[in-house]
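In my numbering, the protein residues as written are 2 to 247.
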């Protein structure tokens, strides 16, 4: 049977609250430091143009059933024609995003700065937590959990008799590390808030490859099942206007 523990209020005041406050302050500080380290880059005209083409093709797919058949066919040919269509990318002209990153030193430097601004604070904060707060039971979750959550919530405590709902100080650090996006969205704004899960997913990326998006949008436009939602709309409108005039 798992034993119930009585947590000292000093643990709340000197472990739980300081950990949470420090994690929030480090996240805000890291955002402003990364913003200062970020170098200004002029947008590539070709990438901007291709992005606008993708938006226009996406709008055409979304509103395809509200334009006449002839207009839709002409627009689809304009975008997806394999001779001079805007969405058609020849095989030899497809961009390699990894090669593009290495050819642009500013892009590589920005990625290195972004990774350093994430790795260095995390390493120092984890060393601080591991040195001062290791082994503490910091909090208890107010609902029961299964044994599968033990390794996630009780990192650093090797006691199988402790109930799974208790959270160690090291696990509380990881929970704050990956779960403060909602708070950062209130402090920094929704568009600036990003938790470390998303940052880790972006660390392996090598930039945006517009040729893949163009090809995917072309395939989506080619398979659109056109069904005009307003058949004989012009005739009905003409009849209504004639009736109103007469």
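Note that beta-carbon positions come from the ideal geometry of N, C-alpha and C, so glycine has one too. The model shown is predicted, which means the values in this text are computed figures rather than measured ones.
The distance from the Cβ of residue 229 to that of residue 70 is about 6 Å, consistent with a contact at the 8 Å cut-off. With distances taken between CA atoms, residue 21 lies nearest to 181 out of 190, 181, 216 and 232. The Cβ-Cβ distance between residue 134 and residue 29 does not fall below 8 Å.
Judged by DSSP in its simplified three-state form, residue 141 adopts strand. Under the DSSP definition of a beta bridge, residue 152 lacks any partner.
If you compare the alpha carbons of 239, 232, 214 and 241 with that of residue 87, the shortest gap goes to 214.
With respect to residue 158, residue 190 sits apart: the two C-beta atoms are not nearer than 8 Å. Annotated three-state conformation of residue 169 is strand, per DSSP. The residue among 146, 114, 142 and 60 with its C-alpha nearest the C-alpha of residue 36 is 114. Comparing C-alpha distances from residue 221 to each of 46, 116 and 61 shows the shortest one belongs to 61. The alpha carbon of residue 219 has as its nearest neighbour, out of 76, 89, 57 and 39, the alpha carbon of 89.
For residue 20, the enclosing alpha helix (DSSP H) has its first and last residue at 18-38.
Only residues of its own chain outside the window of five on either side were considered, and among them 65 and 227 have a CB closer than 7 Å to the CB of residue 73, listed in chain order. Here DSSP, grouped into helix, strand and coil, assigns residue 7 to coil. For the 8 Å CB-CB criterion, residue 231 and residue 67 form a contact. In the three-state DSSP reduction, residue 56 falls in the helix class (H, G or I).
Between the alpha carbons of residue 155 and residue 77 lies a gap of roughly 57 Å. Exclusion of the five residues before and after residue 31 leaves 118, 119 and 122 as the residues of its chain whose Cβ lies within less than 8 Å of its Cβ.
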